[in-house]
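Protein chains in written order, with the numbering used here: chain L, -17 to 337; chain P, 801 to 1083; chain D, 72 to 386. Take a look at the structure below.
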Amino acid sequence: MGAVQLSGLRKFYGALEVIKGVDLAVNAGELVVFVGPSGCGKSTLLRMIAGLEDVDYGRIDIAGKDVTEAPPAQRGVAMVFQNYALYPHMTAYDNLAYGLRRAGLARDAVDQRVKETAALLQITELLPRKPKAMSGGQRQRVAIGRAIVRKPEVFLFDEPLSNLDAALRVEMRSQIARLHQELAATMIFVTHDQVEAMTLADRIVVLNAGRVEQIGTPREVYHRPANLFVAGFIGSPAMNLLPASLGAGGVTLASGPVLGGPTGTGAAVTLGVRPDRLSLAPPEAAHLSGAAKLIEHLGDETILHLHLDDGAALTLKLAGDVAVTLGARVHARIDMTGACLFGADGRALRPLPAP
Amino acid sequence: MSKQRKATPRARLAMLTYHALMLAISAIFLLPFYWMTISAFKTNAEIFSDPVTWLPDPIRWENVTSLLTRDDFPFVQQFLNSVFYAGTVALLVCLSCSLAAYSFGCLRWRGRNLVFGLTICALLMPTIVTFLPVYLAWSKIGLTGSYWPLITPFLFGDAFFIFMLRQFFMGVPRELLDAARLDGASEFRIWWQIVMPQLRTPLIIVGLFATVYTWNEFFMPLIYLQDREAFPLSVGLFTFQSQRAVEWSVSMMGAFLTALPMIVLFLFTQRLFQRGLSSTGLK
Amino acid sequence: MPITAPIAPQAAPLLPRRNRKAQRAEARAGLFFALPWIIGMTIFVALPLIVTFYIAQTKFQIVGAPKWVGLQNYEALLRDPAFWKSAQNTLIFAAISVPLKLIIALGLALLLNRATALLGFYRTVFYLPFLMPAVAGSVVFMLLLTPNAGPVNIALEAMGLNPPDWLLDPKAALWTLILLSLWPLGVETLVFLGGLQNIPKDVSEAADLDSPKRWHKLVWITLPLITPMVLFNLVIGIIYSFQVFTQAIVIGGTTGTPAESTLMYMVVLYRAAFRYFNMGLAAAMATVLFVVVLILTLLIFKTARSWVHYEGGET
């Protein structure tokens, strides 16, 4: 299993730069997930690695070999597509065998590899069928089989689960995780689904507008977002971002309350607080007050959207079923544990002392 | 809703009116076919008899044999010519147009939109505007009087059928081509092994349309062919009719037997024709 | 494509520009697959178009070399009464036949756009005339419209009308051609029907909820949504009706009997080229036709922006 090294990758569509200099090292055997809003370039980047889009500047190394200008089939990569992309006129067997035959493998070797792979994925009974006669989940398994059978250095997944229903998605997710363990394979996975990213990834790469915003483990990305974009993008409901300053008494909200923490001489900062770090409090102990604008009862928790007095919005995630009436005045208190601070340039300031 | 259960008297009346209207319109549309068919089985005198007869009595089957044995209307030979002409063109169209349509519908390359735009221009270009020099060139080579000028252009493609096929090729997901590229298939192999097998039905549709268009083509064979034995049916019928204007029963039998193959072909493949049409209009 | 002054990426040093290799394979294939057609278009469309413009300015009788005469052919055309008569006939024919055909086809499509047991039958009936070879169809129409013995006149007389002599009366003969052109409207009808059936069900139902009046829906929802099909049928219809030939020559011969009333532009052109072998004059006529069709098409496409409704999305 090979490592992937991207150096200074850039790509233009005409004069429009869609990938603006990406550097990334994916270690052998690692599962890396690209996330980002639609149009951020995550799929383009993946297709560049696959050789389906060309590279204008930069270099791609797979398993220690420069493959920047190699054709897709000679890069040692295999890809699983969003819509499966199974050849509809071929049986599952032929779908799996097609690439091996193109590589010039002997008939017996092809047969053996296909059957091995089918056994691994438990799709042996699907082999004589055509895609039309399979369910979505079965097609997805065959599509994964088509990737595995070629024993690639790197697996590429382009939003492979987005067309499956919720239950099947969870099942396929765990199957991919298991395959990752069993094959010890290098995998790059593109998704816009945060839950998928958080649960699958060894490391997450957050992309925005053709740039890498942050690379880190899921916990790092969640707890220590490198900048305002990542802070706002990762986590649902999104992190509350409140204008504040660093005063003598610590972090001071623009609306007045002093929260403690690092001190300063009045530099403007943004305070990032996850919704679950807010709690209801009596008026005298509260840091923020506002009117309840929207209440989502999820059963085991309640999401409360406030319209603050200064016009900003605030989201609270409260445990249990909390009784609040729409429009009621709500007072909230901030727990500074795990809070993040961002400077005027949007980059994270030194982390607060860990709890 | 109780729509299906019991129609109100009002709805039933509306239904009846609707079908009465549609059947009346259908009768108007079918009248020429009907008249052609019955006249084909009448003698000349019966066609113009007063009062008119709405059914041939007796059915003059001998009209068929008399048409097939005439010297001035070599029907069998011309029928075979038409079959050859339409069949060859249909085959060539399927082959040549699928190349260009694949390129326009599935592949990305610089200049593609320009070339496709020019194709649309060619599609809208009146035939005659480009025809005279082509005719002069063929006559210079000395190949007028043969089917070469009629068939050769289709070796390269035809704007209309390229346009029509492209709609179908655009329906092939790009991911499929990408998957084949990752599997190591060459671009030619992708076309032949991955894309073409999925487009069998569209190819048959285009072949059918090409057959009908060519079967009915009149202008080109009229100009290029001089020999009665070489004519396709459309020109043969025209020549006969303009020379023997009074022999209506033979003309009608000729028209009937010229139209019949296409109508039979259509009745057996209706579904495909309709799919072809709905793809054309979408643009 | 040249990239003007790329900004150095912040994170990485500027690496040398790479060859666009991956896409080159696809681009090469694209050109390769289109090549036969590009060659075909060059040989059979582009070059002949230019040569036609050239021949139009020469005296050329097929044998011998063309002789440059400048605009003489066009001057001859302007003096030729057959040119004017045929142009007039063709314009009248197009101006009546095309809109009438579109309206009838649209009406039929609207009638067809409902689920009934006989839908398949009706659809087939309306489509059949398209399959009829134009020569055969024209011959049949001549018989149908024969005075006294033809069923059309018998029916009209039975209704107490006084039908004209469709084929021999100069006032009526052009109408015969128009009538004949209206018969094969199956393609137009089915294109419209395809458009109607593509209207999403929710849009149609929303319109029903907005107003109970049927014509409201027709005018404000249905018609705007099928304007792309109207455009398609209109452009094709005009271009083809300007080239009407087969029906005209079967019914009117090369002289447009009776009294040049069915003399069509293409017939005169055909006559000039292949009866009188006056290639220069014929090429001049072809050029005029080209210019007229070009202007009309451009006009239609230009106005189309204001009346054709395209749903956002791919073209």
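Note that the Cβ used here is the ideal one computed from N, Cα and C, for glycine as well. Only a predicted model underlies this, so the values are computations on that prediction, with no experimental measurement involved.
- So, helix, strand or coil for P137/D, using DSSP? In the structure shown, P137/D sits in a strand (DSSP, three-state: E or B).
- Query: Fully enclosed by the segment 803 to 848 of chain P, which alpha helix (DSSP H) runs are 4 residues long or longer?
  - Reply: Counting whole runs of 4 or more residues, the segment 803 to 848 of chain P contains the alpha helix (DSSP H) stretches 809 to 840, 844 to 847.
- Query: Do you know whose CA, among R83/L, T106/L, Q(-13)/L, Y69/L, lies nearest R43/L's CA?
  - Reply: It is worth fixing the name first, because residue 43/L is Asp in this sequence and not Arg. Relative to D43/L, the option among R83/L, T106/L, Q(-13)/L, Y69/L whose CA is nearest is Q(-13)/L.
- Item | Euclidean distance between Cα positions of Q196/L and P973/P | If you draw a straight line from the Cα of Q196/L to the Cα of P973/P, it comes to about 33 Å.
- Task: Could you pull out every residue in the same chain whose Cβ sits closer than 6 Å to the Cβ of Y145/D, ignoring the five residues on either side in sequence?
- Result: The residues A355, in chain order, have a CB closer than 6 Å to that of Y145/D in the same chain once the five nearest residues on each side in sequence are set aside.
- Query: When burial is assigned at 16 or more other CB atoms within 10 Å of the CB, is F219/D buried or exposed?
  - Reply: The sequence given here places Asn at residue 219/D; Phe does not occur at that position. Counting the other Cβ atoms within 10 Å of the Cβ of N219/D gives fewer than 16, which makes it exposed.
- For the beta strand (DSSP E) that contains E98/L, what are its first and last residues? E98/L -> not in any beta strand (DSSP E); alpha helix (DSSP H) instead, spanning 89 to 103.
- CA-CA distance, G217/L and Y902/P? The straight-line gap from Cα to Cα measures roughly 44 Å.
- Item | Spatial neighbours of G383/D in its chain, beta-carbon cut-off 7 Å, leaving aside the 5 residues before and after | Here the model assigns G383/D a pLDDT of 46, short of 50, so the residue's position is not dependable and the matter cannot be decided.
- Message: If the cut-off is 7 Å on Cβ atoms, which residues from the segment 979 to 1010 of chain P count as contacting chain L, listed in chain order?
- Response: Under the 7 Å Cβ criterion, the segment 979 to 1010 of chain P contributes A979, R981, L982, D983, G984, A985, I994, P997, Q998.
- Of the residues A890/P, P809/P, W992/P, which one's Cα is nearest the Cα of T1011/P? Nearest C-alpha to T1011/P: A890/P.
- Query: Applying the criterion that 16 or more other CB atoms from any shown protein chain within 10 Å of the CB defines a buried residue, is M230/D buried or exposed?
  - Reply: A residue is called buried once 16 or more other Cβ atoms fall within 10 Å of its Cβ, and M230/D, having fewer, is exposed.
- Can you give the beta carbon distance from S896/P to F956/P, rounded, assuming they're within the 8 Å contact cut? That pair is a contact at about 6 Å.
- Message: Counting only C-beta atoms, is A96/D closer than 8 Å to chain L at any point?
- Response: Output row for A96/D: interface = yes.
- Message: Please report the straight-line C-alpha distance between V116/D and V359/D, rounded to a whole angstrom.
- Response: Answer to the nearest angstrom: the Cα atoms are 17 Å apart.
- 8 Å Cβ cutoff, M1052/P in contact with chain D: Output row for M1052/P: interface = yes.
- Near G905/P, which residues of its chain fall below 6 Å by C-beta distance, leaving aside the five closest residues on each side in sequence? If we look at G905/P and ignore the five residues flanking it on each side, its Cβ neighbours are R966, F969, M970.
- Query: So which residues of chain L does R89/D contact, with C-beta pairs closer than 9 Å?
  - Reply: From the beta-carbon of R89/D, the residues of chain L found nearer than 9 Å are D36, V37, D38, Y39, G40, R41, T50, E51.
- Along chain D, in chain order, which residues have C-beta atoms closer than 7 Å to that of L918/P? Ordered by position in chain D, the residues that pass the 7 Å Cβ test against L918/P are M112.
- Message: Less than 8 Å between the beta carbons of W139/D and T129/D, yes or no?
- Response: Going by C-beta atoms, W139/D is nearer than 8 Å to T129/D.
- Item | V893/P at chain D interface by Cβ criterion, 8 Å | In terms of beta-carbon proximity, V893/P stays away from the interface with chain D, with every pair separated by 8 Å or more.
- Message: Pairs of beta-carbons, one from the segment 288 to 304 of chain L and one from the segment 257 to 271 of chain L, closer than 8 Å: are there three or more?
- Response: Enough Cβ pairs lie closer than 8 Å, so yes.
- In or out: Q318/D buried (at least 16 other Cβ within 10 Å) or exposed? It counts as buried.
- Item | Pair within 8 Å by beta-carbon distance, S1051/P and V338/D | In this structure, S1051/P keeps its C-beta atom at 8 Å or more from the C-beta atom of V338/D.
- Message: Assuming contact is defined by CB atoms lying nearer than 8 Å, are F848/P and G1054/P in contact in what I supplied?
- Response: No, these two residues do not count as a Cβ contact at 8 Å.
- Where does the unbroken alpha helix (DSSP H) through C906/P begin, and where does it stop? Boundaries of the alpha helix (DSSP H) around C906/P: 875 to 906.
- Task: Classify A314/L as helix, strand or coil using the three-state DSSP reduction.
- Result: Collapsing the DSSP output to three states places A314/L in a strand.
- Message: Please tell me whether P142/L and V62/L are closer than 8 Å, where the distance is taken between their beta carbons.
- Response: Their beta carbons are under 8 Å apart, which means P142/L touches V62/L by this criterion.
- Message: Strictly under 8 Å for the Cβ-Cβ distance: is H174/L near chain P by that measure?
- Response: Not one chain P Cβ lies under 8 Å of H174/L.
- Interface flag, Y69/L vs chain P, CB-CB below 8 Å: Cβ-Cβ to chain P under 8 Å: yes for Y69/L.
- Task: Inspect the beta-carbon positions of I186/L and V37/L and report whether they are closer than 8 Å.
- Result: Here I186/L is not near V37/L, since their CB atoms are 8 Å or more apart.
- List, in order along the chain, the chain P residues whose C-beta lies closer than 9 Å to that of N65/L? Among the residues of chain P, those whose CB is under 9 Å from the CB of N65/L are P973, E975, L976, following chain order.
- Taking only the alpha-carbon atoms, compute the straight-line gap between A165/D and S312/D and give it to the nearest angstrom. C-alpha of A165/D to C-alpha of S312/D: approximately 5 Å in a straight line.
- State the Cα-Cα distance for the pair S144/L and P1002/P, rounded to the nearest angstrom. Roughly 30 Å between the two C-alpha positions.
- So, is N224/D buried or exposed, given that buried needs 16 or more other C-beta atoms within 10 angstroms? It counts as buried.
- Message: Would the segment 187 to 204 of chain D count as touching the segment 1055 to 1069 of chain P if we require 3 or more Cβ pairs under 8 Å?
- Response: Here the segment 187 to 204 of chain D makes contact with the segment 1055 to 1069 of chain P; the two share three or more CB pairs at distances below 8 Å.
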